[in-house]
Amino acid sequence: MITSKLNTADQVWVRRMNRAIILGVFRTQKTLSRARLATETGLNPSTVSSIISELITENLIRETDLIQSSTGRPGRLLEINPGGGCAMGIEINVDYIELLVSDFSANVLWRQRQASKPETGQNVIMDQVLSLAKQAAEFIQNNDSRLLGIGVGVPGMVDVASGLLRLAPNLHWENVPIRNILATHFDCPIYVENEANAAALGEYYFGAVQNVKDFIYLSAGVGLGSGIVMDGKLFRGMFGYAGEAGHMTLDINGDMCGCGKRGCWETFVGPRAVEQRVRRSLGNGAKSVLHDMSKGDLENIVMEDVIQAATAGDQIAKDALSEVAYYLGIGIANLVNLFNVEVIVLGGALNNASPLLLKDVERIVLENTIVPGREHLRIIPSAHGSDACIMGAITLVLDDILSEPALM
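Numbering (the working numbering), first residue to last: 106 to 513.
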């Protein structure tokens with residue numbers, strides 16, 4: 106009896122893995138025939154046909170165009186069914202929250218953004234999140250679809266197993282049970298992830314590095330985060346908190362960081378650092394178009410203003426970004442020496458500034474790395490730009506279904 110049960114369990118496990126293998130092929134190839142699927146996966150054609158029938162019944166795969174076979178009757182191409190259900194993505198940032206609904210092919214169907222302020226407290230902000238999430242769920246219901254799951258990207262250290270936000274220095278949050286809060290209102294899988302990790306997944310599946318197995322995504326919002334992907338998988342470390350590259354120490358006597366330490370990398374290259382650098386120069390009497398852009402209050406100057414002014418040739422703005430390029434290059438060189446990755450992806454504010462930064466950053470990285478093959482390193486802007494985290498949140502849902510569809 107025990108042997109029989111084990112055999113049954115093994116069969117269920119094998120079939121589930123075969124489903125995941127088949128669905129995984131559709132990540133990189135939009136349309137395939139059953140015969141092509143068998144070739145790509147190495148699975149028996151009858152196994153492929155049986156599993157495809159299941160996936161069609163579950164609305165995850167659909168048949169499309171008729172194709173002529175050279176050996177038999179015509180067949181049909183297969184593709185991911187966008188109508189298989191909806192994913193909800195949530196981004197909790199320092200100064201805004203955003204929600205997005207996509208179909209099963211990651212096409213955006215609905216989105217809303219609201220301003221937020223950390224000083225209002227986590228309860229107020231989570232109430233904002235819940236209010237928008239209920240609007241998103243109503244949209245899904247009104248369109249006769251189903252909610253497959255909710256993905257959340259947040260700037261901080263996340264215990265992904267429990268969905269607990271351990272620490273978010275720039276939000277001033279600690280031990281916030283984000284998954285549990287959402288689970289009291291939504292009966293579906295809920296995934297909570299560090300925003301840079303989520304963005305890295307979004308770039309891997311739907312963005313700039315779809316065929317790259319080893320890369321690092323750098324995200325500059327208020328601070329600086331990183332998502333490290335090695336051999337196609339997120340590198341989390343022993344306790345799951347790897348990737349806090351923004352808190353590498355570059356100067357033990359440097360400026361105070363939001364984490365309570367001095368001289369962290371993000372204090373040199375994050376948007377706050379750029380804005381403070383410009384304000385100091387202007388406060389010392391430097392001439393710049395940023396005076397006019399500030400409308401009489403230097404606190405009004407934000408990273409986007411600096412990028413715009415630098416693009417127009419303003420020297421103060423150009424000097425500020427030149428300093429960013431230097432320290433960004435030094436930090437990236439450290440990461441390349443450690444991880445020997447193929448690509449560095451610049452996201453968030455770094456993505457917006459990349460046309461002004463890339464040439465200098467590439468030079469500085471090359472000068473400060475020692476690993477063989479460093480000349481082949483690519484440093485590229487994010488394909489999703491400021492949407493990288495929210496698209497990554499969507500990816501958390503879709504990736505789990507594609508990897509283990511029997512659990513949905």
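The C-beta atom is built at its ideal place from N, Cα and C for all residues, glycine as well.
Asked: For A313, three-class secondary structure by DSSP; Found: coil
Asked: 9 Å Cβ cutoff, L471 in contact with chain B; Found: In the displayed structure, chain B is absent; only one protein chain is listed.
Asked: Beta bridge counterpart(s) of P486 as assigned by DSSP; Found: L451
Asked: Residue range of the alpha helix (DSSP H) that includes S331; Found: Looking at the DSSP string, S331 is not in any alpha helix (DSSP H); the run it does join, the beta strand (DSSP E), is 329–335.
Asked: Contact under 9 Å by Cβ, I126 with T146; Found: yes
Asked: Boundaries (first-last residue) of the beta strand (DSSP E) holding L204; Found: 201–207
Asked: Residue of R218, Q134, D208 minimising C-alpha distance to L182; Found: Q134
Asked: CB contact flag (S207, I185, <9 Å); Found: no
Asked: Of the listed residues D319, S250, T354, I166, nearest to D336 (C-alpha basis); Found: D319
Asked: Exposed unless 16 or more other CB atoms sit within 10 angstroms - verdict on L451; Found: buried
Asked: Span of the beta strand (DSSP E), counted from its first residue to its last, around A220; Found: 213–220
Asked: CB of E380 within 9 Å of CB of G351, strictly; Found: no
Asked: Own chain partners of N445 with C-beta closer than 7 Å, once the 5 adjacent residues on each side are dropped; Found: V476
Asked: Nearest-angstrom Cβ-Cβ length linking D419 and V394, presumed shorter than 8 Å; Found: 5 Å
Asked: Entirely enclosed alpha helix (DSSP H) segments - the segment 380–416, minimum 4 residues; Found: 395–399, 408–416
Asked: Whole-angstrom distance between R284 and E224, CA atom to CA atom; Found: 22 Å
Asked: Neighbour-count burial assignment, G226, 16 or more Cβ in a 10 Å radius; Found: exposed
Asked: Classification of G307 by the beta-carbon crowding that lies within 10 angstroms, buried from 16 upward; Found: buried
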